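Those sequence lines, one after another, are chains A and B. Take 5 as the starting number for the first sequence in this note's numbering and just add one per residue. Take 338 as the starting number for the second sequence in this note's numbering and just add one per residue.
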Amino acid sequence: MRRLPTWLMLAAAASYAFLYLPLIIVVVYSFNDSRLNAEWVGFTLDWYRALLADEEMLIAARNSLLIALVSSCVATLLGTLAGLGMHRWRPAWLPLLVITPVAMPEILLGVSLLVFFIQLMHLTLGFLSVVLAHITFSIGFVAIVVRARLAGMDESIFEAALDLGATPWQSFRLVTFPLILPAVVAGFLMAFTLSLDDFVITFFTAGVGVSTLPLQIYSMIKIAVTPEVNAVSTLLMLLTLLLVILASRLDKGFMKGSA
Amino acid sequence: MSATDRDHRATGRSTDQATRWAVLSPPTLFLLAFFLAPALIMVLASFQYPGEFGGLAPLTDQGDGKEYGLTLENLAFFFSDWLFAEIFARSFSVAAASTLICLILAYPVAWLIAQSPKRHRDLLVLLVILPFASNFLIRVYAWMIILGPQAALARTINGLLATLGLEPVSLLFSPIAVLVGMVYVHLPFMILPLYTNLEKHDPVLLDAAQDLGANAWQRFWRVTWPLSLPGVFSGAALVFIPVLGMFAIPDLLGGTRDMLIGNLIKDQFLGVRDWPFGAALSIMLTLAVLSLAGLAAWLSKPRRRAT
């Protein structure tokens, strides 16, 4: 291995610091006994207490979890079907339909769904419109993960099952499905995280009907910077951290399986 | 081939057709309804008149003497005022600047990961992904704290300016703050494709260049950089395109004069409620994005250079 020049190591270290320092500041100030996020005064848990007493925030959190759960379940089902279909029959149009909503700037999907829901479906914006919107952008992520898993699989085991007298359904249920299951679960976790985190598309499709955590955070920081936001951010970061680590665990199993 | 065999194949084919239909139709129908249909409605809306209380005016005459049908007015309105062209130009320059800064910050990281021993690489990549997994608003909010007027950074800079006898400046609500936010939020999008590319380079090429007398700079500029271009272009597309449509970062970190296309579109739908004009702007943004994505795909296709 070639030794890396010192300045390059320093530059890379600076980039890593740039990635982490701001988030560390958010976490540290969530324990700071001062209204201003300016300097360290002393340790407190007051902002977490304020958070637990904040009715609107709790409702928003409950909505976020509920929306994430419903939309990621449906997206996992549809995304897995799309991944299987793309792998098995390779229709040229499906990847385009599945991936374009993910690749476009989010605002475009957001405003087009807003117009669609109100003008065509005459739907009152709220829980249902947000769930439908979240499913739309999550399908692609699940489909990509599932297809990648299928692409790394040995086709011959599927044929072996058929040769041993299994019906196609049996060979799917007993062979293919258990093998793609880690990818399906990873896709589900990904869809769940994406839904929990989404701001832009929710912003356009929620109307006044429903509030989610990101919407709540946005309206709070739009008015003023308060350490209560630091507290909710810290908790939310902890949750996504757990989800990401869980998903990457499954992904490691997936890498071993395909090797 | 026996008759039963043929029967078996025929039923096999028709079950296969049925399976195909059963597997492909649910996701396809869902996306046709909630992605393609809304997209087509936006195209139509961009040629409609605005409704009286927001929304869209009807396509057919309602007999109430109000506007109906299709029009090119929304496009004409866009070209009637320099302001809109200015906002588009500003958005493209912010996107270009963010992309360039991301590239400069990302290259050393991607290179470091690619050159690290294999057992460290997964961890280093995970370290890039982790902050990116935290909520986007939290990452923007972090910069509202850092750049805020009461924070150490602003006080130090303004203290310095005061000793020089200069007016204090606001770090927050400035074009610089917008740029910092854009770079911070999108940096991992540049690091990951670059790393994927750099990881595949054969170290033998650099040894050969060294044997032929190339110095470190020449080895980078004549070997590594040209080979990494596909990674650079896909990373650039992943940064440039979302920055182009971003409205929340200028909203939170920028001043009133830092409006970008995204803010303009958002205002049409939620502020002034001129949906047709908003739709026309969205279509223009879509066309810009599609041509950029096409360009990036074409540029990042590895091809042999004619010698």
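Every residue, glycine too, gets a C-beta built ideally from N, C-alpha and C. Remember, predicted model here, so these are calculated numbers, not experimental data.
Of the candidates 576/B, 565/B, 517/B, 565/B places its Cα closest to the Cα of residue 537/B. Distance from the CA of residue 225/A to the CA of residue 542/B, rounded to the nearest whole angstrom, comes to 51 angstroms. Within the same chain, Cβ atoms closer than 6 angstroms to the Cβ of residue 114/A are found at 204, 205, 208, the five residues on either side in sequence being excluded.
Bounds of the alpha helix (DSSP H) holding residue 463/B are 455-470.
The CB of residue 367/B comes closer than 8 angstroms to the CB of 82, 139, 140, 143 in chain A, given here in chain order. Listed by position along chain A, the residues whose Cβ is nearer than 8 angstroms to that of residue 623/B are 108, 112. Counting the other Cβ atoms within 10 Å of the Cβ of residue 180/A gives 16 or more, which makes it buried.
In this structure, the CA atom of residue 589/B is about 41 angstroms from the CA atom of residue 554/B. Excluding sequence positions up to five before and after residue 587/B, its CB lies within less than 6 angstroms of the CB of 515, 595, 597, 600, all in the same chain and listed in chain order. A residue is called buried once 16 or more other Cβ atoms fall within 10 Å of its Cβ, and residue 140/A is buried on that count. Nearest to residue 483/B by alpha-carbon distance, out of 18/A, 14/A, 25/A, 178/A, is 25/A.
Fewer than three beta-carbon pairs drawn from the stretch 558-575 of chain B and the stretch 616-624 of chain B are found closer than 8 angstroms, and the two stretches are therefore not classed as touching. DSSP places residue 563/B inside the alpha helix (DSSP H), whose first and last residues are 562-581. As computed with DSSP, residue 389/B is found in a beta bridge with 391/B. Of the residues 377/B, 359/B, 465/B, 476/B, the one whose Cα lies closest to the Cα of residue 18/A is 465/B. For residue 467/B, the residues of chain A that pass the 8 angstroms Cβ criterion are 245, 248, in the order they occur in the chain. Against chain A, the beta carbon of residue 471/B has neighbours under 7 angstroms at 27, 241, 244, listed in chain order. About 32 angstroms separates the CB atoms of residue 463/B and residue 223/A; that is not less than 8 angstroms, and the two are not in contact.
Note on residue 173/A: under 16 other CB atoms within 10 angstroms of its CB, so exposed under the neighbour-count rule. Closer than 8 angstroms to the CB of residue 13/A there is at least one CB belonging to chain B.
Closest by C-alpha distance to residue 190/A, out of 249/A, 60/A, 48/A, 117/A, is 249/A. Counting along the chain, residue 399/B sits inside no alpha helix (DSSP H), nor does DSSP assign it H or E at all.
Here the stretch 372-388 of chain B lies against the stretch 114-130 of chain A, with 3 or more beta-carbon pairs under 8 angstroms apart.
The alpha helix (DSSP H) runs of length 4 or more contained entirely in the stretch 515-563 of chain B are, from start to end of the chain, 540-548, 553-556.
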